[in-house]
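S.K.: One structure, as structure tokens, below. Some questions next.
Protein chains in written order, with the numbering used here: chain A, 251 to 385; chain B, 251 to 385; chain C, 251 to 385; chain D, 251 to 385.
As structure tokens, this is what we get:
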């Protein structure tokens with residue numbers, strides 16, 4: 251999929267006080283992670299051993315919600331205030347680490363957990379890089 | 251509106267390691283704040299002086315997204331992990347303070363900003379009380 | 251919980267071409283239903299018999315997403331276009347009927363499913379009444 | 251951005267009664283459209299002529315919410331019920347057409363509106379193709 255994230259950043263009419271490449275990478279990673287987590291929660295729900303995957307499902311749902319909200323906030327630049335972006339990136343880093351660790355425990359048995367853990371790790375890394383560039 | 255938030259907490263089949271009254275108050279305040287912010291963004295958009303309210307609209311949209319995501323996460327108790335709840339409550343407190351301060355600047359001219367500022371302050375307070383009870 | 255839904259409708263600066271009482275009732279019912287469904291999905295996830303509740307969880311998650319999105323759309327009045335409101339109300343009526351029927355099958359065993367079914371039926375009814383008033 | 255949408259569909263443990271290529275295309279188009287609309291709303295908000303773009307902003311916000319919710323619902327396959335998917339695809343088609351038409355009116359002056367109109371048209375098309383394959 252080719253998202254329009256970078257094109258939209260480039261056509262924003264005022265200045266953006268952030269590294270655009272890192273910002274676009276974080277937004278795209280958040281969107282991709284949110285989608286992977288939504289799908290992984292549902293795939294876990296359809297596994298015969300669903301009773302062993304309830305914590306994984308919950309963690310997936312949380313990570314999808316937090317990363318989805320963060321992608322929206324980071325896509326806005328009007329009246330920018332760094333405090334909320336920082337605080338939300340911290341929450342995403344926590345959600346992604348928790349979800350990656352949980353999914354990784356089932357990665358040998360469930361390919362969807364392996365893919366989702368990888369999307370969470372990539373997202374956490376992109377959030378950390380953006381956060382580092384903001385300070 | 252009578253939400254079912256407390257009834258749902260009371261019928262959750264396992265234990266909840268949080269003060270249920272404070273948890274229900276926070277969830278309801280987050281939901282109410284998210285709705286007020288969504289409506290305030292749209293009301294600002296319809297004001298003749300919209301050009302002076304663009305930061306307010308952006309702040310409203312952010313606060314609606316963050317509080318909406320937090321209400322969902324706090325409504326889940328399966329495989330509870332305090333770290334994400336804490337981190338997300340911090341983000342909500344930041345979003346609510348920023349939005350309340352911004353809306354308060356327009357409260358004399360726009361009644362919707364006055365109501366929204368009040369919903370944000372109430373939500374920030376409910377989040378701080380839950381966070382204090384978690385530590 | 252006292253939402254500010256009606257107060258926000260009353261302070262919207264331009265005219266609203268809809269019955270405000272029915273509109274506020276629908277928005278509040280959608281918000282309450284979305285919250286009940288999010289909590290019911292999690293409560294089902296923590297039941298020992300979760301393997302028998304996977305369809306219920308999925309239906310809950312869908313209903314929460316659709317009703318949450320509809321509450322936001324109906325809270326906006328700027329540049330109003332009836333077509334999307336109608337189409338989205340139809341989707342909510344479908345989601346609420348499906349979720350109410352599914353939860354009702356477990357209402358004898360799980361009190362959270364009984365409460366959630368009731369919230370879904372109330373929401374479906376509020377959506378039908380608003381839709382009827384729009385035509 | 252490489253989403254994991256198709257990989258997640260391929261690792262879902264049960265059968266999916268839909269054309270997987272069309273389903274993945276629709277999910278990715280919905281996600282991309284939702285992101286473009288969120289960014290376009292904010293870019294419009296920062297234009298000097300924001301007062302002439304209020305309907306565009308509102309339409310963008312609606313389209314972002316509806317397409318975001320639909321992407322989540324279509325990413326779930328457990329206990330599949332075609333009725334909600336159909337109803338939601340219809341709502342997305344309406345939202346995308348309205349938003350594309352509105353953005354197209356500003357495409358000559360605002361490059362972000364041109365890109366967003368294009369994302370909305372592509373999404374509407376992907377939704378129509380999936381809907382046609384479902385009937």
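Heads up, the beta-carbon is just placed ideally off N, CA and C, and yes, glycines get one too. If you're wondering where the values come from, they're calculated on a predicted model, not measured in any experiment.
Return the residue from the list D:294, D:268, D:273, D:261 that minimises the CA-CA distance to residue 259 of chain A.
M.R.: Out of D:294, D:268, D:273, D:261, D:294 has the C-alpha closest to the C-alpha of residue 259 of chain A.
S.K.: From A:356, A:384, A:257, A:334, pick the residue whose C-alpha is nearest to that of residue 317 of chain B; which is it?
M.R.: When each option's Cα is compared against that of residue 317 of chain B, the closest is A:334.
S.K.: Cβ of residue 383 of chain D within 8 Å of Cβ of residue 269 of chain D?
M.R.: In this structure, residue 269 of chain D lies closer than 8 Å to residue 383 of chain D by Cβ.
S.K.: Should residue 344 of chain B be flagged as near chain C, meaning a C-beta pair shorter than 8 Å?
M.R.: Residue 344 of chain B does not count as touching chain C.
S.K.: Less than 8 Å between the C-beta atoms of residue 227 of chain A and residue 310 of chain A, yes or no?
M.R.: In the structure as shown, chain A starts at 251 and stops at 385, and residue 227 of chain A therefore has no counterpart that could be examined.
S.K.: How about residue 381 of chain A: is its C-beta nearer than 8 Å to some C-beta of chain B?
M.R.: False, the Cβ-Cβ gap to chain B never drops below 8 Å.
S.K.: Comparing alpha-carbon positions, which option in C:362, C:291, C:385 lies nearest residue 256 of chain B?
M.R.: Ranking C:362, C:291, C:385 by Cα distance to residue 256 of chain B puts C:362 first.
S.K.: May I have a chain-ordered list of the alpha helix (DSSP H) segments no shorter than 4 residues that lie completely inside the region 280 to 358 of chain D?
M.R.: Runs of the alpha helix (DSSP H) inside the region 280 to 358 of chain D: 304 to 324, 332 to 354.
S.K.: Checking contacts by CB at 8 Å: is residue 335 of chain C closer than that to chain B?
M.R.: Cβ-Cβ to chain B under 8 Å: no for residue 335 of chain C.
S.K.: How would you call residue 332 of chain B, buried or exposed, if buried means at least 16 neighbouring beta carbons within 10 angstroms?
M.R.: By the 10 Å Cβ count, residue 332 of chain B comes out exposed.
S.K.: If the cut is a Cβ gap below 8 Å, which residues of chain D does residue 293 of chain C touch?
M.R.: Here the premise fails: no neighbours, minimum Cβ distance about 17 Å.
S.K.: When Cβ atoms are compared, which residues of the region 301 to 325 of chain A fall closer than 8 Å to chain C?
M.R.: Those would be 301, 304, 307, 308, 311, in chain order.
S.K.: Is residue 272 of chain D helix, strand or coil by DSSP?
M.R.: Looking at residue 272 of chain D - three-state DSSP - the assignment turns out to be helix.
S.K.: Quick one, which of B:266, B:300, B:337 has its alpha-carbon nearest residue 329 of chain B's?
M.R.: With distances taken between Cα atoms, residue 329 of chain B lies closest to B:266.
S.K.: Does the distance from the C-beta atom of residue 273 of chain D to that of residue 341 of chain C stay below 8 Å?
M.R.: Taking 8 Å as the Cβ cut-off, residue 273 of chain D and residue 341 of chain C do not qualify as a contacting pair.
S.K.: Check each candidate in D:264, D:385, D:286 and name the one with the smallest Cα separation from residue 336 of chain D.
M.R.: For residue 336 of chain D, the nearest C-alpha among the options comes from D:385.
S.K.: Three or more C-beta pairs under 8 Å: does that hold for the region 276 to 290 of chain B against the region 288 to 308 of chain A?
M.R.: Because the criterion of three Cβ pairs below 8 Å is not met, the region 276 to 290 of chain B and the region 288 to 308 of chain A do not touch.
S.K.: What's the gap between the Cα of residue 291 of chain C and the Cα of residue 376 of chain C?
M.R.: Approximately 22 Å, taken between the alpha carbons.
S.K.: Do you know whose CA, among C:271, C:322, C:378, C:326, lies nearest residue 296 of chain B's CA?
M.R.: It is C:326 whose Cα lies nearest to the Cα of residue 296 of chain B.
S.K.: Chain B beta carbons: is any one of them nearer than 8 Å to that of residue 284 of chain D?
M.R.: So, not an interface residue.
S.K.: Starting from the beta carbon of residue 361 of chain D, find every residue of chain C whose beta carbon is closer than 9 Å, and list them in chain order.
M.R.: Chain C residues near residue 361 of chain D: none, gap ~22 Å exceeds 9 Å.
S.K.: Please state the DSSP three-state secondary structure of residue 362 of chain C.
M.R.: Of the three classes helix, strand and coil, the one that applies to residue 362 of chain C here is helix, per DSSP.
S.K.: Taking only three categories from DSSP, how would you classify residue 265 of chain B?
M.R.: Residue 265 of chain B: coil per DSSP, three-state reduction.
S.K.: Throw me the rounded Cβ distance for the residue 369 of chain C and residue 357 of chain C pair, which I believe falls under 8 Å.
M.R.: In fact, because the Cβ distance is near 12 Å, the residues do not count as touching under 8 Å.
S.K.: Please report the residue range of the alpha helix (DSSP H) in which residue 255 of chain D lies.
M.R.: Start and end: 255 to 260.
S.K.: Should residue 314 of chain A be labelled buried (16 or more other beta-carbon atoms within 10 Å of its own) or exposed?
M.R.: Buried is the call here.
S.K.: Report, in whole angstroms, the separation of the C-beta atoms of residue 365 of chain C and residue 254 of chain B, which I expect to be a contact under 8 Å.
M.R.: That pair is a contact at about 5 Å.
S.K.: Which residues of chain D have a Cβ atom closer than 8 Å to the Cβ of residue 296 of chain B, listed in chain order?
M.R.: Within chain D, the residues near residue 296 of chain B are 304.
S.K.: Is there a Cβ of chain C sitting closer than 8 Å to that of residue 341 of chain D, yes or no?
M.R.: Yes, contact with chain C.
S.K.: Determine the chain D residues that contact residue 348 of chain C at a beta-carbon separation under 9 Å, and present them in chain order.
M.R.: By Cβ distance, chain D contributes 331, 333, 334.
S.K.: Report whether the distance from the Cβ of residue 336 of chain C to the nearest heavy atom of the ligand PLP is below 7 Å.
M.R.: The ligand PLP is not part of this structure, which contains no ligands at all.
S.K.: With a threshold of 16 other CB atoms inside 10 Å of the CB of residue 275 of chain A, please say whether the residue is buried or exposed.
M.R.: The residue in question, residue 275 of chain A, is buried, as its Cβ has 16 or more Cβ neighbours within 10 Å.
S.K.: Among the residues of its own chain, which have a CB less than 7 Å from the CB of residue 312 of chain C, if the five just before and after it don't count?
M.R.: Taken in chain order, the residues that qualify are 345.
S.K.: Can you pull the chain C residues whose beta carbon is under 8 Å from the beta carbon of residue 280 of chain D, in chain order?
M.R.: Within 8 Å Cβ-Cβ: nothing; residue 280 of chain D doesn't reach chain C, min ~12 Å.
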